[in-house]
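*Asks:* Quick mapping for you: the protein sequence lines, in order, are chains A and B. In terms of numbering that gives the first Met the number 0, the first sequence opens at residue 0 and continues consecutively. In terms of numbering that gives the first Met the number 0, the second sequence opens at residue 0 and continues consecutively. Quick one: this structure, given as structure tokens, is what I'll be asking you about.
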Amino acid sequence: MKIAQKSIKFLTIVAIALFSISGYAVDSDKNQDPQKDGGQVNTKTEVEEYILHHIKDSHDFSLFSYTSDSRERKHFGFPLPVILWSSEGLVTFMSSEFHHNDDGHVIVEKDGLKFAKIHSKIYELDSDAATVAFDDTHHATNAHKVLDFSITKSAFGLILIGALMLLWFSKLARQYKTKKVPTGFGRILEPLVLYVRDEIARPNIGEKHYRRFTGYLLTVFFFIWILNLAGLTPLGFNVTGQLAVTACLAIFTLVIYTVSGTKGYWMHMIWMPGVPFLIRPVLAIIELAGALVIKPFSLLVRLFANISAGHIVVMSLIAIMFTLQESLGVVGATGLSLLLSFFITLIEVLVAFLQAYIFTMLSALFIGMAVDDHKHH
Amino acid sequence: METLLNDFSPGLFVVSTILLLALIALMIKFAWKPILNSLEERESGINNALEAADNARKEMQNLQSDNEQLVKEAREERDAMLKDAREIKEKMISEAKEEAKGVATTLIENAQASIEQEKQAALAEIKKSVAELSIGIAESVIKRELASKEDQLQLVEGILKDVTLN
């Protein structure tokens, strides 16, 4: 019975996965030159462009693309909703209307407004313009950026992983109602929860206060870790490599330790006791800058830079397959590429955990400094 | 720096802030709170169980030493009882011997006394019989007034033949 249930579950998942690909996917754009943007990637500059394009956010979820026999570029994946705050208010449409174009050639008309997508950013064209005009530095002259609240690939990944986390951990929580020790997947999750609580939250925040912040730290830890790992899969998420997301996380930590800071913490920051009066204002400026700017900035840049760098390195090593083909031959280039990218991916698996650990650890440390009683001075 | 700022998408920032706030709230409510509470409950349960086991072991040790004490006392008591019993036995035997000796002595004394008595009585009777016999002989002698000495002697012998001392 149990086995039957499990196989039904598995079949459902497979069915959904297949349906989502075949259902939404396969839209081809005949009017596009397959050698151009979104097409084949062979040369060094194309590789560079492709990598830079990948680490950016994107408006649709594409798994892979290929050129068919009839020289049509086919994309596998599904479109995501585009939500814009334009000069006329809210505008929504599906990202498939851009037909995977990313250089501003496809103009989408909606509610009398014209939109174009240039390098993963959506521009609103001026009312009298029919096509996007570019200046020498490839900046659009007759269009401006709009506030883009789209469910982009990153937002989609965030929702997906969030839902997964909710599913896993609420299941673990429910398990405790009936048994003392979790079974199945919960047995893997429980030690991780204990690890964050006992090795990150408790020692850094202190026995007295850690309970209040453990929920936040656990969420952040698993969120960053799982998304880092998801970024290593062929799904190609780069959520934790988005400045907006890491900034968001860093600001959460900033808000938490600023709001929960004790009187002693603020006194030590603004009017440091035990030093000459003349130095105190100088110290206050340094301390305030450290607490309000440097700490969150270091958090957001560290995570963003590590994950982006990881993606760039892995993709560059995969690209060896094409770029060194002439000097090493097909087999040599492919072998070298596989070997190097295999080992760097192993390192990236470690980095995925490490960055989640460091972000959570530093958050806990900053919170711990803020809620400390400052009695040891 | 300029490309960094260019890459920063304020829209995604807003979207991810909303989504993350929701995620944190939901995770705390539906996952972390129950999980952490259950974990703490379980940990305190384990601590209590360990403490209880410790106490039970201590109690066991106490009981064991109590038992040993009891066994020791019982053994001592048994030894004392055995010793008493032996003493009593010896005492009884010696007492019995003593008594028997006393009884025997009295019995012997009594027997000796009665023998003496019987002897005296027998002697007295013999004396009386001898006296009576002597008197009878004298009487018959006197009565016959015999002249000759031989006759007299014959007479006495005749009388003595008649008298059987028994």
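Beta carbons are placed, not taken as given, at the ideal position from N, Cα and C, and that holds for glycine. Note that the structure is predicted; figures quoted are calculated from it, not measured.
Using CA coordinates, which residue listed in A/V312, A/K120 and A/G289 is at the minimum distance from A/H138?
*Replies:* The residue with the shortest Cα to Cα distance from A/H138 is A/K120.
*Asks:* Just to make sure I have the definition right: I need the residues of chain B whose C-beta is within less than 7 Å of the C-beta of A/S169. Which are they?
*Replies:* The contacting residues are F29 and A30.
*Asks:* Could you check whether the stretch 271-288 of chain A touches the stretch 9-23 of chain B, counting it as contact only if at least three pairs of C-beta atoms, one from each stretch, sit closer than 8 Å?
*Replies:* No contact exists between the stretch 271-288 of chain A and the stretch 9-23 of chain B.
*Asks:* Which partner residues does A/T66 have in the DSSP bridge list?
*Replies:* DSSP, once it has assigned bridges, lists A/R72 as partnering A/T66.
*Asks:* Give a yes or no on whether the minimum CB-CB distance between A/R201 and chain B is below 8 Å.
*Replies:* Output row for A/R201: interface = no.
*Asks:* Distance, Cα to Cα, A/S307 vs A/I54?
*Replies:* Taking the straight line from one Cα to the other gives about 7 Å.
*Asks:* Using the beta-carbon count (16 or more within 10 Å), is A/R72 buried or exposed?
*Replies:* By the 10 Å Cβ count, A/R72 comes out buried.
*Asks:* Using only alpha-carbon positions, find the residue among B/N5, B/D6, B/L18 and B/F7 that is nearest to A/I158.
*Replies:* That would be B/L18, whose Cα lies nearest to the Cα of A/I158.
*Asks:* Quick check on A/F133: does DSSP put it in helix, strand or coil?
*Replies:* Looking at A/F133 - three-state DSSP - the assignment turns out to be strand.
*Asks:* If you count every other CB in all the chains shown that lies within 10 Å of the CB of A/G367, and 16 or more means buried, which is it?
*Replies:* Answer is buried; the Cβ neighbour count reaches 16.
*Asks:* For B/R41, decide whether its Cβ has a neighbour in chain A, counting only Cβ atoms nearer than 8 Å.
*Replies:* Yes, contact with chain A.
*Asks:* By how many angstroms is the C-alpha of B/L69 removed from the C-alpha of B/E75?
*Replies:* Answer to the nearest angstrom: the Cα atoms are 10 Å apart.
*Asks:* Can you confirm whether A/K43, when its beta carbon is compared against all beta carbons of chain B, has any partner nearer than 8 Å?
*Replies:* A/K43 does not count as touching chain B.
*Asks:* In chain order, what residues of the same chain lie with their CB nearer than 6 Å to the CB of A/V244, ignoring the 5 residues before and after it?
*Replies:* Once the five neighbours on either side are set aside, the close Cβ partners of A/V244 are V238.
*Asks:* For B/L154, name the three-state secondary structure that DSSP assigns.
*Replies:* If DSSP states are grouped into helix, strand and coil, B/L154 belongs with the helices.
*Asks:* Three Cβ pairs or more, each shorter than 8 Å: is that satisfied between the stretch 257-273 of chain A and the stretch 179-188 of chain A?
*Replies:* No: fewer than three Cβ pairs fall under 8 Å.
*Asks:* Between which residues of its own chain and A/V195 is the CB-CB distance below 7 Å, once the five residues before and five after are set aside?
*Replies:* If we look at A/V195 and ignore the five residues flanking it on each side, its Cβ neighbours are L216, L217, F220 and T359.
*Asks:* Is it buried or exposed for A/P295, if we count other Cβ within 10 angstroms and need 16 for buried?
*Replies:* By the 10 Å Cβ count, A/P295 comes out buried.
*Asks:* How would you call B/S15, buried or exposed, if buried means at least 16 neighbouring beta carbons within 10 angstroms?
*Replies:* It is buried - the Cβ of B/S15 has at least 16 other Cβ atoms within 10 Å.
*Asks:* So the candidates are A/F155, A/A115 and A/G214; which of them puts its Cα closest to the Cα of A/K144?
*Replies:* The shortest Cα separation from A/K144 among A/F155, A/A115 and A/G214 belongs to A/A115.
*Asks:* Is B/V140 near B/Q153, with beta carbons less than 8 Å apart?
*Replies:* In this structure, B/Q153 does not lie closer than 8 Å to B/V140 by Cβ.
*Asks:* DSSP beta-bridge partners for A/I117?
*Replies:* Answer by DSSP bridge pairing, in chain order: A/D102 and A/K120.
*Asks:* If you scan the stretch 78-102 of chain A from start to end, which runs of the beta strand (DSSP E) of 3 or more residues do you find wholly inside it?
*Replies:* Listed in chain order, they are 80-85 and 88-93.
*Asks:* Between A/V254 and A/G289, what straight-line distance do the alpha-carbon atoms span, to the nearest angstrom?
*Replies:* Each residue's Cα considered, the two are about 14 Å apart.
*Asks:* Does any residue of chain A have a CB that is nearer than 8 Å to the CB of B/L11?
*Replies:* Answer yes: the Cβ-Cβ gap between B/L11 and chain A drops below 8 Å somewhere.
*Asks:* Can you tell me the Cα-Cα spacing of A/W270 and A/I293, whole angstroms?
*Replies:* When rounded, the distance between both Cα atoms is 19 Å.
*Asks:* Round the Cβ separation of A/V348 and A/L231 to the nearest angstrom and send it over; I've been treating them as touching at under 8 Å.
*Replies:* Confirmed, Cβ separation roughly 7 Å.
*Asks:* Exposed or buried, what is B/Q111 when buried is set at 16 or more other beta-carbons lying within 10 Å of its beta-carbon?
*Replies:* B/Q111 is exposed by the Cβ-count criterion.
*Asks:* I'd like the list of long-range same chain contacts for A/P78, defined as Cβ closer than 6 Å, with 5 residues on each side in sequence excluded.
*Replies:* Answer for A/P78: D59, M93, S94 and S95, listed in chain order.
*Asks:* Any beta carbon from chain B within less than 8 Å of A/I278's own beta carbon?
*Replies:* No, A/I278 lies away from the interface with chain B (no Cβ there is under 8 Å from its Cβ).
*Asks:* Could you tell me which chain B residues have their CB closer than 8 Å to the CB of A/G214, listed as they occur along the chain?
*Replies:* Result: I23, M26, I27, W31, K32 and L35.
*Asks:* Taking A/D56 as the reference, give the member of A/F212, A/F303 and A/E325 with the closest Cα.
*Replies:* With distances taken between Cα atoms, A/D56 lies closest to A/F303.
*Asks:* Taking 8 Å as the cut-off, decide whether the C-beta atoms of A/A351 and A/W167 are in contact.
*Replies:* No, they are not a contact pair.
*Asks:* Does the stretch 328-336 of chain A come into contact with the stretch 167-176 of chain A, if we say contact requires no fewer than three beta-carbon pairs (one atom in each stretch) closer than 8 Å?
*Replies:* Short answer: they don't touch.
*Asks:* In this structure, does DSSP put B/I45 in helix, strand or coil?
*Replies:* Three-state result, B/I45: helix.
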